[in-house]
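Chemist:
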């Protein structure tokens, strides 16, 4: 092999190495741009999520969007199957839940969970009951679907013969990305919650 051939072979190997490095850099930059796109998309969607706030009225709680510029089209509330409340659908203008529609089932749960102590009253001021809320609405010019885990906050007064309960509010615990099977999701979360 002549010197000229050795130089040409070296240049060819060097060119091949530079090409492989360029391909690796290209793949890495593609990976980084994919992550940047996902972050951008997540940010876009997060700005358009709708969170609910509640206000207590006489015998019910009223749901409202957290931001005044948002609109709600419908709300579906999934309680854990064990509580036997069922699925509740509410739509405007009546975005509220009466105590009588869910409290009897929740009362049974508290009577099992907090056994009576003779001659004593047991008071729990803020006991959460998780529920998954799926809502459709309109936010910042876009149709929006938001899924969140909300805690329905109860005041419990456990007496010898019964539990007296009062629904105080519902607060957002966390947004949840899974809406494929809401009932299974809240049932699994409730099992973790009970531990």
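Numbering (this note's numbering), first residue to last: 879 to 1073.
Just so you know, even glycine gets a beta-carbon here, dropped at the ideal spot from N, CA and C.
Computed from a prediction, not measured in an experiment: that's the story for all the values here.
Using the rule of at least 16 other Cβ atoms within 10 Å of the residue's Cβ for burial, across every protein chain shown, is residue 1041 buried or exposed?
Modeler: buried
Chemist: Under the rule that 16 or more other beta-carbon atoms within 10 Å means buried, what is residue 888, buried or exposed?
Modeler: exposed
Chemist: To which residues of the same chain is residue 1003 closer than 7 Å at the C-beta, ignoring the five residues directly before and after it?
Modeler: 1033
Chemist: Quick one: does the C-beta of residue 908 sit closer than 6 Å to a heavy atom of the ligand FAD?
Modeler: This structure lacks the ligand FAD, and indeed carries no ligand of any kind.
Chemist: Can you check which of these residues, 894, 994, 931 and 967, is closest to residue 948 by C-alpha distance?
Modeler: Of 894, 994, 931 and 967, the residue nearest in Cα terms is 931.
Chemist: Please list, in chain order, all residues of the same chain as residue 957 whose beta carbon is under 6 Å from its beta carbon, the five residues on each side excluded.
Modeler: 963 and 1009
Chemist: Are the beta-carbon atoms belonging to residue 1101 and residue 961 less than 7 Å from one another?
Modeler: Absent from the model: residue 1101. The displayed extent of the chain is 879 to 1073, so no value can be given.
Chemist: Around the Cβ of residue 939, are there at least 16 other Cβ atoms within 10 angstroms (buried) or fewer (exposed)?
Modeler: buried
Chemist: Grouping DSSP H, G and I as helix and E and B as strand, with all else coil, what is residue 919?
Modeler: helix
Chemist: Does DSSP classify residue 1018 as helix, strand or coil?
Modeler: coil
Chemist: Mind checking who residue 1047 pairs with in its DSSP beta bridge?
Modeler: 1031
Chemist: Just the Cα atoms here: how many angstroms apart are residue 929 and residue 1007?
Modeler: 18 Å
Chemist: Measure the CB-CB distance between residue 1031 and residue 1047 and report whether it falls below 7 Å.
Modeler: yes
Chemist: With a cut-off of 8 Å on the beta carbons, I'd call residue 1022 and residue 934 a contact; round off their distance for me.
Modeler: Between residue 934 and residue 1022 the Cβ distance is about 26 Å, and since that is not below 8 Å, they are no contact.
Chemist: So, residue 950 versus residue 966, is the Cβ gap smaller than 7 Å?
Modeler: no
Chemist: Return the residue from the list 1050, 1072 and 1062 that minimises the CA-CA distance to residue 943.
Modeler: 1050
Chemist: Could you give the uninterrupted runs of the alpha helix (DSSP H) lying entirely in the stretch 971–1024, keeping only those of 4 residues or more?
Modeler: 977–991
Chemist: Would you decide whether residue 1028 is buried or exposed? Buried here means 16 or more other CB atoms lie within 10 Å of its CB.
Modeler: The residue in question, residue 1028, is buried, as its Cβ has 16 or more Cβ neighbours within 10 Å.
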